[in-house]
Amino acid sequence: MNIKKQFLLITTILILVIGCKESTVETPTEPVTLRNVYKDAFYIGAALNRFQIDETDSIMAGIVGREFSSITAENEMKSMQIHPTKDTFNYEYPDKFVALGEKHNMFIHGHTLVWHSQLSPWIRNIEDSTEMAEALKSHITAVVSRYKGKIHSWDVVNEALNEDGTLRKSVFLEVMGEDYLPLAFKWTSEIDPDADLYYNDYNMANPEKRAGAIRLVKNIMDKGVKVDGIGMQGHWHLNTPSLEEIEKSIVDYASLGVKVAITELDISVLPNPRDLVGADIGQNFDNSELLNPYTKGLPDSIQVKLANRYTDIFKIFLKHKDKISRVTFWGVNDGQSWLNGFPVRGRTNHPLLFDRELKPKSAYDSIIALKQRDDKQSN
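For the sequence shown, the numbering used here gives the first residue as 1, with consecutive numbering after it.
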């Protein structure tokens with residue numbers, strides 16, 4: 001064999017060897033997390049408390065950064081925390097919260113600018129309409145200006161409706177009248193025109209309240225004031241609201257030409273005293289063994305019901321992913337959940353995807369598997 005043929009043979013062998021090696025190299029895949037699996041559908045968020053914002057627990061911090069693409073401050077941006085007196089602002093934890101979101105390249109949501117509850121006493125005690133307008137505008141201006149370009153969306157007004165769809169007789173309505181609603185959105189949009197502005201409320205799958213929310217948002221928009229979205233708080237139960245009403249609400253809100261965010265999502269597994277609905281934190285009931293049956297953990301049968309409920313709800317979310325901007329759980333794990341104290345103090349509830357030991361529950365696995373099946377069917 002001459003030198004030329006030997007060279008060609010060796011070259012051919014090398015090409016075959018390299019090609020075989022390349023064919024066995026696997027393409028790196030992203031970790032299977034909520035954030036990664038749902039990235040092409042909508043943001044997956046969580047509400048964070050001070051402990052989580054501080055990142056003092058490394059396991060918790062890892063879950064937050066790995067699993068979620070959006071964050072909301074559970075309490076630290078409410079007026080009594082961030083603006084406790086007329087001339088005092090407390091930005092320590094809001095600043096840390098924003099820095100955490102930026103570190104993990106998250107969508108950062110601000111909650112909330114105008115709310116009758118957890119309201120700073122100095123605002124609550126105002127009785128003059130001009131003074132109230134000045135106070136609200138000053139509060140909105142200061143907070144939104146500080147986080148302009150950093151906080152991507154705001155709950156501008158929170159929980160302004162009664163269950164029958166009429167306007168709640170809050171201090172804002174009583175002092176300023178209905179004008180406080182469009183003015184709050186107008187002032188916010190003038191300060192940060194790029195932020196998405198939401199109206200947020202609970203029981204938004206109730207027909208009467210749904211009609212009231214549509215009427216409220218439409219009235220603001222008819223005045224030429226920007227509203228970008230409606231937030232449907234998901235403080236739901238194993239059997240209520242119905243899937244049909246959840247879906248109808250998403251479709252009806254989106255028909256206004258706004259985005260729909262599923263906010264404050266958690267599913268109570270405990271008995272519901274007096275068929276209470278919603279999240280009116282002024283309501284509370286005495287504890288009892290009958291109302292608090294799962295103090296030693298969640299039975300497998302209830303784990304299955306919770307997983308099935310989350311799966312059924314997420315099927316609706318995926319069906320209407322073109323309308324939904326964000327799905328935010330109201331907490332990271334069961335131990336953090338506000339439902340341990342509402343509407344019955346001292347209960348042990350299990351409403352979220354991670355348990356008290358920070359381990360993913362069956363519900364977590366179920367909605368991951370749901371999205372993976374959806375992706376396969378789409379391909």
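Built from N, CA and C at the ideal position, the CB exists for glycine as well.
Along the alpha helix (DSSP H) that carries residue i, what are the first and last residues, could you check?
| i | result |
| --- | --- |
| A184 | 180 to 191 |
| I44 | It is not in any alpha helix (DSSP H) - I44 instead sits in the beta strand (DSSP E) that spans 43 to 48. |
| V32 | V32 -> no alpha helix (DSSP H), and no H or E assigned at all. |
| E127 | No alpha helix (DSSP H) contains E127, which DSSP labels as neither H nor E. |
| L173 | 171 to 176 |
Can you tell me which of the three DSSP states residue i falls into?
| i | result |
| --- | --- |
| M60 | helix |
| L306 | helix |
| V114 | strand |
| T166 | coil |
| F329 | strand |
| I71 | strand |
| F89 | coil |
| L370 | helix |
| S288 | coil |
| L100 | helix |
| S79 | helix |
| S23 | Note that S23 has pLDDT 44, beneath the 50 cutoff, so the model's placement of it is unreliable and no number is given. |
| S268 | strand |
| L161 | strand |
| L119 | coil |
| K296 | coil |
| I18 | Note on I18: pLDDT 48, under 50, position unreliable in the model; no value is reported. |
| K137 | helix |
| I13 | Because I13 carries a pLDDT of 49, less than 50, the predicted location of this residue cannot be relied on, and no value is offered for it. |
| D365 | helix |
| P84 | coil |
| Q377 | helix |
Among all the DSSP beta bridges, which residues are the ones paired with residue i?
| i | result |
| --- | --- |
| W154 | G110, L197 |
| I324 | V260 |
| F354 | N333, P360 |
Report yes or no: is there a C-beta of chain C within less than 8 Å of the C-beta of residue i?
| i | result |
| --- | --- |
| V144 | In the displayed structure, chain C is absent; only one protein chain is listed. |
Point to revise | Segment contact, 8 Å Cβ cut-off, at least three pairs: the segment 147 to 160 with the segment 191 to 198 | key: Verdict: yes, contact present.
**Study point:** Length-filtered (3 minimum) beta strand (DSSP E) runs lying within the segment 201 to 266
**Key:** Correct list: 229 to 237.
Review point. Is the segment 78 to 90 touching the segment 253 to 273, taking contact as three or more C-beta pairs under 8 Å?
Key: Judged by pairs of C-beta atoms under 8 Å, the segment 78 to 90 does not touch the segment 253 to 273, as fewer than three such pairs exist.
Exercise for review: Specify whether the segment 38 to 48 and the segment 63 to 75 touch according to this definition: at least 3 beta carbon pairs, one from each stretch, less than 8 Å apart.
Suggested key: These segments touch.
Point to revise | Touch test, the segment 158 to 175 against the segment 218 to 225, Cβ-Cβ under 8 Å, three pairs minimum | key: Fewer than three pairs of CB atoms, one per stretch, sit closer than 8 Å, so the segment 158 to 175 makes no contact with the segment 218 to 225.
Point to revise | Cβ contact (3+ pairs, closer than 8 Å) linking the segment 225 to 240 and the segment 179 to 188 | key: In this structure the segment 225 to 240 touches the segment 179 to 188; the number of beta carbon pairs closer than 8 Å is three or more.
Point to revise | Contact between the segment 337 to 352 and the segment 249 to 262 (3+ Cβ pairs under 8 Å) | key: Inter-segment contact for the segment 337 to 352 and the segment 249 to 262 is absent: fewer than three beta-carbon pairs are separated by less than 8 Å.
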